[in-house]
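Quick notes on the structure that follows.
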Amino acid sequence: MSDLLIKFKLDLEYHSIIDGWLSSPHPHGPLFHRWLPNGELDAIELDTKDPKATLKVWFERQGYIHDGFVEYDKDRNEINPDILSTQGKLDTGPLFGLLVISDISDSEARSLRKNSQHPETNKHFEKRIIDLLYTPVSQFLTILRVRYGQYWIPEIEEWDSRTISAGIYINHFGFPHWSLDGGQTWDTFQNLELRFSVGKPRNTRIFESIFQRRIGEKSVAFYTAIGVTPRQSPHWLELSSCLIMDR
């Protein structure tokens, strides 16, 4: 029996429907005000409804300082935390996550490998991984998008077995990697056909409706709604005041 670790990085970048000179700068993820989550130190745990599985998600501080302002850059981690309290708008970028499934069977472990000869085990285990990822992550993003006014965050399409295989669907979560040795080595889901798609186009009227909402709920309601547990940093308890709200 082994513990399976699955790590992922989910692209949340908003892609404008208008290209060229008419387009405006767009967020790469949720926007915060005068504070940014500090990676895994500020991770929160989502409820998987499975006693043998834990799922935590977080945002990294990615970017650099330019003329006194924090500029987002996925390839740079040069943000001085002392300047965050002076920044009105801070971009977080993608959502990082780690799913840990305890005590998987030997057949499930073998099914992860390219040369697996157990197609039924493959399908069953892939469906389990989808169940553990889709609902909690989708609910988390929905709360950010609707309750906290982050309307540009894309939706994750729900799996439809009639149109896409379970194996392909897993890669909606940013080509996740897995490990069976506690994270010392990582591998891709090599037996799967790779395809990435975080969401589908949405009606612009929905954008406008959400944009016009005025948000006044407390951060406690945020955690209650999606069953998450704040970890490490007390700043997550002030999420409602740190997230950029639409006015």
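Read in order, the letters of the sequence shown correspond to residues 3 to 249 in the working numbering.
The C-beta atom is built at its ideal place from N, Cα and C for all residues, glycine as well.
* Taking all protein chains shown into account, do 16 or more other C-beta atoms lie within 10 angstroms of the C-beta of residue 83, making it buried, or fewer, making it exposed? -> Numbered from its first residue, the sequence shown carries residue 83 at position 81. Only exposed fits residue 83, as fewer than 16 other CB atoms lie within 10 angstroms of its CB.
* **C-alpha gap between residue 52 and residue 71, whole angstroms** => Counted from its first residue, the sequence shown places residue 52 at position 50. Counted from its first residue, the sequence shown places residue 71 at position 69. The straight-line gap from Cα to Cα measures roughly 43 Å.
* Asked: Can you pull the DSSP bridge partners for residue 93?
  -> As a first step, residue 93 must be located in the sequence shown, where it is residue number 91. Note: residue 93 sits in a beta bridge opposite 33.
* **Length of the line joining the Cα atoms of residue 171 and residue 69** => Position 169 of the sequence shown, counted from the start, is the residue given in the question as residue 171. Position 67 of the sequence shown, counted from the start, is the residue given in the question as residue 69. Straight across, the Cα-Cα distance linking residue 171 with residue 69 is about 42 Å.
* Asked: If you draw a straight line from the alpha carbon of residue 62 to that of residue 152, how long is it in whole angstroms?
  -> Residue numbering aside, residue 62 sits at position 60 when the sequence shown is read from its first letter. Residue numbering aside, residue 152 sits at position 150 when the sequence shown is read from its first letter. Each residue's alpha carbon lies about 18 Å from the other.
* Using the C-alpha atoms, what's the distance from residue 166 back to residue 157? -> The residue you call residue 157 lines up with position 155 of the sequence shown. The residue you call residue 166 lines up with position 164 of the sequence shown. One C-alpha to the other measures close to 17 Å.
* Asked: When you compare only the Cα positions, how much space is there between residue 250 and residue 64?
  -> There is no way to answer for residue 250, as the model of the chain reaches only from 3 to 249.
* Taking the continuous beta strand (DSSP E) assigned at residue 168, which residues delimit it? -> Position 166 of the sequence shown, counted from the first residue, corresponds to residue 168. Premise fails: residue 168 lies in the alpha helix (DSSP H), 168 to 172, not in any beta strand (DSSP E).
* Provide the residue span of the alpha helix (DSSP H) that contains residue 77, from first to last. => Sequence index remark: in the sequence shown, residue 77 carries index 75 (1-based). Run containing residue 77: none; DSSP gives neither H nor E here.
* Quick check: the region 172 to 182 against the region 121 to 135, are there 3 or more CB pairs under 8 Å? -> The region 172 to 182 vs the region 121 to 135: in contact.
* Asked: Does the Cβ of residue 99 have 16 or more other Cβ atoms within 10 Å, making it buried, or fewer, making it exposed?
  -> Within the sequence shown, the letter at position 97 stands for residue 99. Its Cβ being crowded by 16 or more others within 10 Å, residue 99 is buried.
* Return the CA-CA distance between residue 124 and residue 190, expressed in angstroms with no decimal places. => Looking up residue 124 in the sequence shown gives position 122. Looking up residue 190 in the sequence shown gives position 188. Distance between residue 124 and residue 190, taken at the CA atoms: about 15 Å.
* Asked: Terminal residues of the continuous beta strand (DSSP E) containing residue 55?
  -> Position 53 of the sequence shown, counted from the first residue, corresponds to residue 55. From DSSP, the beta strand (DSSP E) with residue 55 extends over 55 to 60.
* DSSP state of residue 5 mapped onto helix, strand, coil -> Taking the sequence shown and counting its residues from 1, the one referred to as residue 5 is at position 3. Residue 5: strand per DSSP, three-state reduction.
* To do: May I have the straight-line CA-CA distance separating residue 13 from residue 150, to the nearest angstrom?
  => Position 11 of the sequence shown, counted from the start, is the residue given in the question as residue 13. Position 148 of the sequence shown, counted from the start, is the residue given in the question as residue 150. Distance between the alpha carbons of residue 13 and residue 150 is about 19 Å.
* For residue 143, which of 88, 60, 188 has the nearest alpha-carbon? -> Taking the sequence shown and counting its residues from 1, the one referred to as residue 143 is at position 141. Of 88, 60, 188, the residue nearest in Cα terms is 60.
* **Chain-order list of residues whose beta-carbon lies under 6 Å from that of residue 8 (same chain, five-residue window excluded)** => For the purposes of this step, residue 8 is taken as residue 6 along the sequence shown, with counting starting at 1. Here the set comprises 101, 178, 180.
* Member of 81, 169, 185 whose CA lies at the smallest distance from the CA of residue 113 -> Position 111 of the sequence shown, counted from the first residue, corresponds to residue 113. Comparing C-alpha distances from residue 113 to each of 81, 169, 185 shows the shortest one belongs to 169.
* **Per-residue DSSP class, three states only, for residue 99** => Mapped onto the sequence shown, residue 99 falls at position 97. Strand at residue 99.
* Asked: Going by DSSP, which residues form a beta bridge with residue 181?
  -> In the sequence shown, counting from the first residue as 1, residue 181 sits at position 179. Residue 181 pairs with 7.
* To do: Identify which residue in 88, 127, 148, 67 has its Cα closest to the Cα of residue 80.
  => Taking the first residue of the sequence shown as position 1, residue 80 is located at position 78. Selected option, being the one with the closest Cα: 67.
* Alpha carbon to alpha carbon, how far is residue 89 from residue 3? -> Your numbering for residue 89 matches position 87 in the sequence shown. Your numbering for residue 3 matches position 1 in the sequence shown. Near 48 Å, if we compare the C-alpha coordinates of residue 3 and residue 89.
* **Pair within 7 Å by beta-carbon distance, residue 92 and residue 34** => Position 90 of the sequence shown, counted from the start, is the residue given in the question as residue 92. Position 32 of the sequence shown, counted from the start, is the residue given in the question as residue 34. It is a contact, given that the beta carbons lie within the stated cut-off.
* What are the partner residues of residue 142, as DSSP defines its beta bridges? -> Walking along the sequence shown from the start, residue 142 turns up at place 140. None; residue 142 has no bridge partner.
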